[in-house]
Every structure is written in C-alpha cells, then in structure tokens.
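Student: Residue numbers (our numbering): 97 to 632.
Beta carbons are placed, not taken as given, at the ideal position from N, Cα and C, and that holds for glycine.
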Amino acid sequence: MALIDLLRHAKEIEGRRILSLFDDPGRAGEFSVRACDMLLDYSKTNIDAEARAMLLELAEEAGLAARRAAMFSGAKINETEGRAVLHTALRNVDGGPVSVDGVDVMPGVRATLERMAAFAEAVRAGTIHAPGGGIYSDIVNIGIGGSDLGPAMAVQALAPYHDGPRCHFVSNVDGAQVRDVLTGLNPASTLVIVASKTFTTVETMTNAGTARDWIAAKTGAEMAGGHFVALSSNLEKTAAFGISPERVFGFEDWVGGRYSVWGPIGLSLMLAVGPQKFDEFLSGGAAMDAHFREAETTGNMPLMLALVGLWHNQVLGHATRAVLPYEQRLARLPAYLQQLEMESNGKRVSMDGTDLGLHSGPVVWGEPGTNGQHAFYQLIHQGTRVVPCEFMVAREGHEPDLAHQHRLLTANCLAQSEALLRGRTLDEAKTLLAGRFEGAELERQARHRVFPGNRPSVTLVYDKLTPKVLGQIVALYEHRVFVEGVILGINSFDQWGVELGKELALALEPVLAGKESAEGKDGSTRQLVEYLSRGR
Ligand code: F6P
Numbered sequence: 097m098a099l100i101d102l103l104r105h106a107k108e109i110e111g112r113r114i115l116s117l118f119d120d121p122g123r124a125g126e127f128s129v130r131a132c133d134m135l136l137d138y139s140k141t142n143i144d145a146e147a148r149a150m151l152l153e154l155a156e157e158a159g160l161a162a163r164r165a166a167m168f169s170g171a172k173i174n175e176t177e178g179r180a181v182l183h184t185a186l187r188n189v190d191g192g193p194v195s196v197d198g199v200d201v202m203p204g205v206r207a208t209l210e211r212m213a214a215f216a217e218a219v220r221a222g223t224i225h226a227p228g229g230g231i232y233s234d235i236v237n238i239g240i241g242g243s244d245l246g247p248a249m250a251v252q253a254l255a256p257y258h259d260g261p262r263c264h265f266v267s268n269v270d271g272a273q274v275r276d277v278l279t280g281l282n283p284a285s286t287l288v289i290v291a292s293k294t295f296t297t298v299e300t301m302t303n304a305g306t307a308r309d310w311i312a313a314k315t316g317a318e319m320a321g322g323h324f325v326a327l328s329s330n331l332e333k334t335a336a337f338g339i340s341p342e343r344v345f346g347f348e349d350w351v352g353g354r355y356s357v358w359g360p361i362g363l364s365l366m367l368a369v370g371p372q373k374f375d376e377f378l379s380g381g382a383a384m385d386a387h388f389r390e391a392e393t394t395g396n397m398p399l400m401l402a403l404v405g406l407w408h409n410q411v412l413g414h415a416t417r418a419v420l421p422y423e424q425r426l427a428r429l430p431a432y433l434q435q436l437e438m439e440s441n442g443k444r445v446s447m448d449g450t451d452l453g454l455h456s457g458p459v460v461w462g463e464p465g466t467n468g469q470h471a472f473y474q475l476i477h478q479g480t481r482v483v484p485c486e487f488m489v490a491r492e493g494h495e496p497d498l499a500h501q502h503r504l505l506t507a508n509c510l511a512q513s514e515a516l517l518r519g520r521t522l523d524e525a526k527t528l529l530a531g532r533f534e535g536a537e538l539e540r541q542a543r544h545r546v547f548p549g550n551r552p553s554v555t556l557v558y559d560k561l562t563p564k565v566l567g568q569i570v571a572l573y574e575h576r577v578f579v580e581g582v583i584l585g586i587n588s589f590d591q592w593g594v595e596l597g598k599e600l601a602l603a604l605e606p607v608l609a610g611k612e613s614a615e616g617k618d619g620s621t622r623q624l625v626e627y628l629s630r631g632r
C-alpha cells in the first residue's frame, strides 16, 4: 500500500527542485540523523516529510521490528539454508547470551576471540615464530569474497594503527596475483592464512596449494605446515590440508561469508593492529547494533539510510548508487559494499519463491574522492541518467601536519554535493562566457557548461577513521542491507546466484585442458575455447 502511495507521491513532485526544499530553514537538521560518532545528512534528496512517513510505513508494513528482533535473537531467518544470522553475536562480546537452538553461542564466541588474541599477541611478540626460528615478518591472507574483502578493506582502512607484521592479500585464481604477492617475500618468515569458511572454494584452495609449494621449496615439505593457519568451519578439510587443530580458528554456519570480518576471518586485521584495537573495532559494531535496535524511526540511521536507498531505486527508478569515500584508506570500501549489498539483495524472488515484483537492490560502485572527480564524475554531473551519490568524509584526518590537505579534501567533498544539488543554469553559463563568445556561438558553448543539478546525494560524516568508527560504519551498512532485504521481502543471507558459473567453470577446465570436448556448448563458447586453445 505504502509503495503505491510513494509512487503516486513521486509523480506529484516530479520536477520539484531539491534546492527549493531548503526554503525551510530547518530542512538540513530535520533530514539528518546523528548516531554513534556520525552524522548522516540526507537533506539533499527529494524526500519530504510526506515521502518519509510513507517510507517508514513501508518498513512497518514489512514487519521490520519483528524481523530485526528475530535476527538478533538467533531465529533462523536465513530460510533457504535453515540458518540463524548472527554476525552480531561476534561483536556482542560484552553483551548477554544469544541462543541458537536453545544453546548460548556467546561462550564459544568469546573462547575463539581469546584464542585469536593469544595467537595474534604471540605472533606479534615473536613467541610464536616460523618453524625455522625467525619472526613472522609478513602475513599472506588467502581467501576470496567475504574471506578477503572484509579484512583487506579493514587492514587498509586502519593503516595508521598498524604495528604488527605486514599484511598481504591474495584472492584471484589468476596466478599473476599470488606470484606478484609472493615475489619479494621470504618464505621462511611468511605466515599464510587460508581463509575459507567452506575450505572448498576453488580459488582459495588453488592459491593455498601454490603458497604451500612456494614455502616447501624453501623449508622442505615437513616444515611447510608450520607456516599455515586456517580460518574455517570445515575442520575435516583443514586437517586434510595439513594444518594442526590449534592453528585452526573456526566459526559457525550462522556467520555469512560477507558478514564475517568480525570473527576469525578478521585475524589478519588483528595481527596488523593488535587485539586491543580489534576489540575497539568490535565495540564500534556493537554500538551501532544497540543504536539499530533501540533508536526510533527517523532517529535510526541504518533504517533511514535504507529508506533513502529504496526511495532512489525502487520509487524513482535510479538503478545504481555511487559510494564516494573522501578517505583514501577506504579505497576498498566500495568493493566490500558491492559484495555486501549486491550478493545480499541482488535477488529476483522473494522469500517464498514468488517473483519479486520490484527491482532488487541497486548496482553499487565507487572510488575514493577526489580521484573519482577526475574520472567518472563527468557522467554523474552531466550524464543523462541520475546516479544517487553517497559521500563520506571524516571530520579529522590522521595527519595533523597535513591538516591543510584534509581541509582541501573536505572542501571537495562538500563542493561535489553542492554542485549536484544546485547545478548551473544556461544564463549562469552565458554570464561566465560573456566577452569570450557571442551570438550563436555563445549559446552553443554555454550549453556544454550547463549542469542540470537537482541530483540527489547523502553525506556521512564520521569523527575520524579509528577502529571504533570503522566498526560503526561497517555495521551501519550491514543493517542498511538488512532493512532493504526485509522491505523487499527477500533473503539477504543466501547467494544462489554465484553457483551456476562455478559449476560451469569446473566443467570447462578439462575442456580447456584438451581432456574433454566442447561438444554440446553453444557456438560462442566453442569458438572461444578453440581460439584460446590454438597452438596448444
Ligand atoms: O562465491 C560466493 C561465496 O560463497 C561468498 O559468499 C563467500 O564470501 C565466498 O564465496 C568465499 O567462500 P569461502 O569463505 O567458503 O571460501
């Protein structure tokens, strides 16, 4: 019901300039949320009080409050896989019990965290060292998807806090990546983390095999196992790989891959910044959880962020969203969010298997500002399609001696959202060019310099990219995805859409090796196989 009303309302306000909403002097404050150490300003969108009320109604109609309570309580809300969804338990370290099937999972969560912390401290101090005696100078995390993107993003984000071994990441099955990462490292002082929930992912297991051969060539096969750690829930497979149980950090099936940075999958982060800073990261996530559970309607940041997204995608039909962190250390955040949002909400059927009847979540993409400004912002400002933008910037950088650069960065961030909002009219463009051109040429030149404006954006300002604030940001986005999934009526916690390609790749590998024929494949695939196999 609320959706139909929203579509009607959107039609009614078509053509209204967002800028005109600022005739109300209270607009900015009223269309913003403050929570934890952050301010979310969504006043530069065409959402008015009426639209917002309908969006909130949409969430209520979808039963958001009950669904949220179900998630936090350990109910099996991942219905296609029959699993609870409890990544929030991983950061509930100071909280109460959380039960799955009547069993409190928190003692297990705390025990694993303590084992991780003891291991990380010992590696950082050199008391756990390479079998040959040397300290581990370098960590190579081998994993893909959620077993890579979370820790890779967080390790880069928290660079100012690194005081442990250097961390490197290998994800792609492309041998170029593992070769480039290992070249220049010393096998004798390298610790390899094989991060895979299932311990069956082809890319990860292939790269792990390559790394084992690389180490064994230097240390001998019997010593190689001592250079490995596994982060996995599949203890049988980790043992078969030759990793001893005390070097395995496990987690339960209620932690989804793309939600797993808070537990063992975050070990590389813990090694880089130490257990105390890792705890601060968890506490940031827990603070956002508390906010998400307790804050009411317009005061709830993840809820409002999700509703703004729904307004742009499902109501106004803008199919993509740009995530634009003005923070170079968040360079991997857009990639992280691509998995979080698109693997979670890129679904075409609802929980009960019927057609969605709505668009799934948007295409999420982005790059840090200011780099993006010199690349794709042209299209965002003057292209024919509207791309809602999500700007992010810190109040304070980590480089006090370069405060003038942070000011310039911030000015750019604010300038972009202002430019998107205001635009530039033909008359303004003509005034700019007066004296240089006249007549028809003035008109022609001016038209190229017109900015339509009225393009929506939100801005998230956080205090400083500390471990705690990073935890708040990541949890904010997780809950935003959750809200969107509930309103769309889909399961945000499975990922069947990745399976078909995996199966076909397994079948094509022997074809490319010349062991099987391409018969039965379509003409294009046969041609590509033939071209790729020429001369072999
Ligand atoms: O292919 C999708 C996926 O299952 C992701 O959901 C997951 O994060 C990734 O693969 C890696 O899986 P694993 O940790 O089991 O290796």
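1. Once DSSP output is grouped into helix, strand and coil, what is the label at V274?
2. Starting from G462, follow the beta strand (DSSP E) in both directions and report where the run begins and ends.
3. Beta carbon of R354: closer than 7 Å to some heavy atom of the ligand F6P?
4. Give a single yes or no on whether I240 has its beta carbon closer than 7 Å to a heavy atom of the ligand F6P.
5. Three-state secondary structure (DSSP) at S446?
6. Looking at C-alpha atoms only, which residue of L556, T394, V570, F347 is the closest neighbour of L151?
7. Just to confirm my understanding: we take Q591, look at its own chain, exclude 5 residues before and 5 after, and list those with CB closer than 7 Å. What are they?
8. In chain order, what residues of the same chain lie with their CB nearer than 8 Å to the CB of T144, ignoring the 5 residues before and after it?
9. Would you call the stretch 543-562 and the stretch 475-485 in contact, with 3 or more CB pairs under 8 Å?
10. On the DSSP letters alone, give me the boundaries of the beta strand (DSSP E) that F265 sits inside.
11. From R275, P421, D120, pick the residue whose C-alpha is nearest to that of Q469; which is it?
12. With respect to the alpha helix (DSSP H) encompassing Y138, which residues constitute its N-terminal and C-terminal limits?
13. Have a look at G122 and S128 and give me their C-alpha separation to the nearest angstrom.
14. Tell me the residue span of the beta strand (DSSP E) that contains N237.
15. Does the pairing of the stretch 194-209 with the stretch 242-261 give three or more beta-carbon distances under 8 Å?
16. From G567 to V344, what does the alpha carbon distance come to, in whole angstroms?
17. Hey, Q512 and Y473: beta-carbon distance below 8 Å or not?
18. With 16 as the cutoff for other CB atoms within 10 Å, does L452 come out buried or exposed?
19. Looking only at its own chain, which residues have a Cβ that is under 6 Å from the Cβ of I586, when we skip the five neighbours before and after it?
20. Got a sec? Which residues, its chain only, sit under 8 Å from L529 by beta carbon, not counting five neighbours each side?
21. Nearest-angstrom Cα distance between R389 and K617?
22. Which parts of the stretch 286-355 are runs of the beta strand (DSSP E), unbroken and 3 residues or longer, counting only runs that do not cross its ends?
23. Relative to the C-alpha of G198, which candidate in K172, L365, L135, L401 has its C-alpha closest?
24. Which residues in the same chain have their Cβ closer than 6 Å to the Cβ of F589, if we skip the five residues on either side of it in sequence?
25. Does the stretch 264-273 come close enough to the stretch 299-309 that 3 or more CB-CB pairs lie under 8 Å?
26. Between the Cα of L135 and those of P398, G229, L327, spot the shortest distance and give me the residue it belongs to.
27. I291 and L327: beta carbons closer than 8 Å?
28. Mind checking whether the beta-carbon of E390 lies closer than 7 Å to any heavy atom of the ligand F6P?
29. Can you tell me where the alpha helix (DSSP H) with R123 in it begins and where it stops?
30. Taking the C-alpha atoms as reference points, what is the distance between A216 and R104?
31. From A147, A391, G359, G346, pick the residue whose C-alpha is nearest to that of D101; which is it?
32. For A418, count the other beta carbons within 10 Å of its own beta carbon; 16 or more makes it buried, fewer makes it exposed. Which is it?
33. Is DSSP giving N467 helix, strand or coil here?
34. When we look at the beta-carbon of H500 and count the other beta-carbons within 10 Å, is it buried (16 or more) or exposed?
35. Measure from the alpha carbon of P464 to the alpha carbon of each residue in K373, F377, A98, Q424, then state which is nearest.
36. Below 8 Å on the Cβ atoms is my guess for L454 versus E580; work out the distance and round it to an integer in Å.
Tutor: Let me lay it out:
1. Taking the first residue of the sequence shown as 1, we reach residue 274 at position 178. Looking at V274 - three-state DSSP - the assignment turns out to be helix.
2. Here residue 462 refers to the residue found at position 366 of the sequence shown. It spans 459-462 - the beta strand (DSSP E) in which G462 sits, taken as one unbroken run.
3. Walking along the sequence shown from the start, residue 354 turns up at place 258. Proximity of the beta carbon of R354 to the ligand F6P is indicated: a heavy atom of the ligand is located closer than 7 Å.
4. By 1-based counting over the sequence shown, the position of residue 240 is 144. Within the cutoff, so yes.
5. Here residue 446 refers to the residue found at position 350 when the sequence shown is read from its first residue. If DSSP states are grouped into helix, strand and coil, S446 belongs with coil.
6. As a working mapping, residue 151 is identified with position 55 in the sequence shown. Among L556, T394, V570, F347, the Cα nearest to that of L151 is on T394.
7. Taking the first residue of the sequence shown as 1, we reach residue 591 at position 495. Correct list, in chain order: E439.
8. Start at 1 with the first residue of the sequence shown, and residue 144 comes out as number 48. Note on identity: in this sequence residue 144 is Asp, with Thr being the wrong assignment. Around D144: I109, L117.
9. yes
10. Residue numbering aside, residue 265 sits at position 169 when the sequence shown is read from its first letter. Start and end: 262-266.
11. For the purposes of this step, residue 469 is taken as residue 373 along the sequence shown, with counting starting at 1. Closest option to Q469, judged by alpha-carbon separation, among R275, P421, D120: P421.
12. Within the sequence shown, residue 138 is the residue found at index 42, counting from 1. Element bounds for Y138: n/a, residue is neither H nor E.
13. By 1-based counting over the sequence shown, the position of residue 122 is 26. By 1-based counting over the sequence shown, the position of residue 128 is 32. Those two C-alpha atoms are separated by around 10 Å.
14. Taking the sequence shown and counting its residues from 1, one reaches residue 237 at position 141. Element bounds for N237: 234-238.
15. no
16. Residue mapping note: residue 567 aligns to position 471 of the sequence shown, counting from 1. Residue mapping note: residue 344 aligns to position 248 of the sequence shown, counting from 1. Cα to Cα, G567 sits roughly 25 Å from V344.
17. Residue 512 sits at position 416 when you count from the first residue of the sequence shown. Residue 473 sits at position 377 when you count from the first residue of the sequence shown. Yes, they are a contact pair.
18. Position 356 of the sequence shown holds residue 452. L452 comes out exposed.
19. As a working mapping, residue 586 is identified with position 490 in the sequence shown. Excluding residues within five positions, the ones whose Cβ falls inside 6 Å are K443, S446.
20. The residue given as residue 529 occupies position 433 in the sequence shown. Same-chain partners within the cutoff: L538, Q541, A542, R545.
21. In the sequence shown, residue 389 corresponds to position 293, counting from 1. In the sequence shown, residue 617 corresponds to position 521, counting from 1. If I take the Cα positions, the gap works out to 51 Å.
22. If we require 3 residues or more, the beta strand (DSSP E) runs fully inside the stretch 286-355 come out as 286-291, 324-327.
23. Residue 198 sits at position 102 when you count from the first residue of the sequence shown. Comparing Cα-Cα distances from G198 to each of K172, L365, L135, L401, the minimum goes to K172.
24. The residue given as residue 589 occupies position 493 in the sequence shown. Cβ neighbours of F589 beyond the five flanking positions: N174, V181, G352.
25. yes
26. The residue you call residue 135 lines up with position 39 of the sequence shown. Here the closest residue by C-alpha is P398.
27. Reading the sequence shown from its first residue, position 195 is the one you call residue 291. Reading the sequence shown from its first residue, position 231 is the one you call residue 327. A small correction: the amino acid at residue 291 is Ala; Ile does not occupy that position in the sequence shown. It is a contact, given that the beta carbons lie within the stated cut-off.
28. Sequence index remark: in the sequence shown, residue 390 carries index 294 (1-based). Annotation for E390 indicates a beta carbon at 7 Å or more from all heavy atoms of the ligand F6P.
29. The residue labelled residue 123 in the question sits at position 27 within the sequence shown. First-last of the alpha helix (DSSP H) with R123: 123-126.
30. Within the sequence shown, the letter at position 120 stands for residue 216. Within the sequence shown, the letter at position 8 stands for residue 104. Rounded to the nearest angstrom, the two C-alpha atoms are 56 Å apart.
31. Position 5 of the sequence shown, counting from 1, holds the residue named residue 101. Ranking the options by Cα distance to D101, first place goes to A147.
32. Taking the first residue of the sequence shown as position 1, residue 418 is located at position 322. Classification of A418: buried, given that the 10 Å Cβ count is 16 or more.
33. Position 371 of the sequence shown, counted from the first residue, corresponds to residue 467. Helix, per DSSP.
34. Position 404 of the sequence shown, counting from 1, holds the residue named residue 500. Exposed is the call here.
35. Along the sequence shown, read from residue 1 onward, the residue named residue 464 stands at position 368. That would be Q424, whose Cα lies nearest to the Cα of P464.
36. For the purposes of this step, residue 454 is taken as the residue at position 358 of the sequence shown. For the purposes of this step, residue 580 is taken as the residue at position 484 of the sequence shown. About 11 Å; that fails the 8 Å criterion.
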